[in-house]
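Chains as they are written, first to last, in my numbering: chain A, 17 to 186; chain B, 8 to 168.
Here it is in C-alpha cells:
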C-alpha cells in the first residue's frame with residue numbers, strides 16, 4: 017500500500033520521508049562525527065563534514081537502496097572528508113596532520129592515538145572501517161572509491177606501521 | 008602491535024571517548040538549508056518529528072540529534088536488539104522497564120519504492136528491529152518490514168524474520 021492509497025496528504029508523505037531518514041541515518045550521526053574526528057583530526061572539521069554529509073544524504077535519500085545506512089552515510093562523509101583535506105592542502109600548502117583539539121587524546125591511549133595520527137587519512141579510514149566496523153576490503157574499496165587491492169595494501173601498511181609504533185602489546 | 012582483538016578494543020575505546028557533537032548549540036551555515044527545508048512541513052508534523060524521530064532533527068531554530076539507544080553509553084548499550092523480531096524486542100524492553108515504546112514501521116520494498124512509515128504503539132507481529140533512540144522520554148524502535156530487505160549490522164545479508 018502506498019502512502020497515497022493510505023490517504024496520506026503529500027505533506028504527510030514528506031514528513032514520513034523525514035522520519036524515515038531521521039530514523040535510518042540519524043542514529044549514525046554521532047558515530048560518524050567521532051569517526052571523522054579520527055580521520056580529519058579536528059572536531060570542528062569533523063562536525064562540518066558530518067553536517068554536510070547529512071545534508072547531502074538527505075537530498076539523496078530517495079535514491080538510497082536501503083541496504084546499509086551506515087556504509088552509505090560513511091561513504092558520502094568520507095569522500096567529503098578527503099575533498100576537504102585536499103582543499104585544505106591546496107590552500108595551506110602543507111599536509112595537515114591530525115591535531116584534534118580535545119584533551120581526550122591524552123586521556124585515552126595516547127600512544128595509539130599518536131600512531132594512528134601518523135597514518136595517511138585514507139589509510140586511517142580504511143583501517144578503522146576494517147577493524148571497528150568489520151567491513152570487507154571490497155566494501156571499503158567501494159566506500160573510499162579505490163580498488164580492493166589498494167585497500168589490502170593500505171591495511172597491510174597500516175598494521176605494519178602500528179606494529180612498529182606500538183612495539184608489542186601494552 | 009597489539010593482537011587484533013586488542014587493537015579493536017583499544018581503537019573502539021579511543022573512538023568512543025571522542026566528543027560526538029550530539030546537540031549542536033547553534034546552527035552552522037551548512038545546517039540552514041536542511042533546517043529550512045524541514046521547516047516547510049506542517050507544525051503538527053514537526054512536533055511529532057521532534058518527539059519521535061530516532062536520529063534527529065528538531066526544528067524551530069534547534070537542530071539536535073539523538074544517539075542510537077544501543078550506542079556506547081546509551082541506556083540499551085549492548086542489548087543487541089538489532090535483528091530481533093518486534094515481539095522479542097518488546098518482551099526484552101518490557102522486562103527492563105520500558106513501558107513507553109513507539110514503533111516506527113517501515114514498509115514498501117528494499118529499493119525504497121512504495122515506502123510507507125507508520126507509527127504504532129504496539130509491537131508489530133513481524134519484521135525485524137533496528138534500535139532507535141530515546142526522544143523526550145519515549146523509546147522509538149524501528150521495524151523494517153520492507154519486502155526483499157535483508158538485515159544489516161549483526162544480521163547483515165540475512166533475510167528478514
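Using N, Cα and C, we set each Cβ at its ideal position, and we do this for glycine too.
Counted within 10 angstroms of its Cβ, other Cβ atoms place residue i as buried (16 or more) or exposed
i	result
residue 183 (chain A)	exposed
residue 103 (chain B)	exposed
residue 17 (chain B)	buried
residue 165 (chain A)	exposed
residue 58 (chain A)	buried
residue 60 (chain A)	exposed
Whole-angstrom distance between residue j and residue i, CA atom to CA atom
i	j	result
residue 134 (chain B)	residue 130 (chain A)	44 Å
residue 136 (chain B)	residue 63 (chain A)	29 Å
residue 186 (chain B)	residue 140 (chain B)	Outside the modelled stretch of chain B, which goes from 8 to 168, sits residue 186 (chain B), for which no answer is possible.
residue 49 (chain A)	residue 66 (chain A)	6 Å
residue 39 (chain A)	residue 178 (chain A)	36 Å
residue 180 (chain A)	residue 132 (chain A)	12 Å
residue 46 (chain A)	residue 126 (chain A)	22 Å
residue 154 (chain B)	residue 156 (chain A)	27 Å
residue 151 (chain A)	residue 132 (chain B)	31 Å
residue 166 (chain B)	residue 88 (chain B)	16 Å
residue 84 (chain B)	residue 145 (chain B)	16 Å
residue 23 (chain B)	residue 80 (chain B)	9 Å
residue 146 (chain A)	residue 14 (chain B)	11 Å
residue 80 (chain A)	residue 149 (chain B)	18 Å
residue 147 (chain B)	residue 115 (chain B)	20 Å
residue 85 (chain A)	residue 90 (chain B)	15 Å
residue 153 (chain A)	residue 106 (chain B)	42 Å
8 Å Cβ cutoff met for residue i and residue j
i	j	result
residue 170 (chain B)	residue 100 (chain B)	The question about residue 170 (chain B) has no answer, for chain B in this structure spans 8 to 168.
residue 129 (chain B)	residue 35 (chain A)	no
residue 20 (chain B)	residue 124 (chain A)	yes
residue 95 (chain B)	residue 138 (chain B)	no
residue 56 (chain A)	residue 97 (chain A)	yes
residue 144 (chain A)	residue 51 (chain A)	yes
residue 167 (chain A)	residue 25 (chain B)	no
residue 138 (chain A)	residue 160 (chain A)	yes
residue 82 (chain A)	residue 156 (chain B)	yes
residue 135 (chain A)	residue 174 (chain A)	yes
residue 93 (chain A)	residue 69 (chain A)	yes
residue 90 (chain A)	residue 37 (chain A)	no
residue 110 (chain B)	residue 93 (chain B)	yes
8 Å Cβ cutoff, residue i in contact with chain A
i	result
residue 26 (chain B)	yes
residue 75 (chain B)	yes
residue 165 (chain B)	no
residue 149 (chain B)	yes
residue 134 (chain B)	no
residue 124 (chain B)	yes
residue 14 (chain B)	yes
residue 154 (chain B)	no
residue 83 (chain B)	no
residue 186 (chain B)	Residue 186 (chain B) is absent from the structure shown; chain B starts at 8 and stops at 168.
residue 63 (chain B)	A caution first: residue 63 (chain B) carries a pLDDT of 41, below 50, which makes its placement in the model too unreliable to give a value.
Interface flag, residue i vs chain B, CB-CB below 8 Å
i	result
residue 171 (chain A)	no
residue 147 (chain A)	yes
residue 4 (chain A)	No answer is possible for residue 4 (chain A): it lies beyond the span of chain A, which begins at 17 and ends at 186.
residue 129 (chain A)	yes
residue 124 (chain A)	yes
residue 97 (chain A)	no
residue 154 (chain A)	no
Original post:
If you measure beta-carbon to beta-carbon, which residues of the segment 40-57 of chain A are closer than 8 Å to chain B?
Top reply: 40, 41, 42, 43, 44, 45, 46, 47, 49, 50, 51, 53 and 54
Subject >> Members of the segment 57-68 of chain A that neighbour chain B once the beta carbon cut-off is set at 7 Å >> reply: 59, 63, 64, 67 and 68
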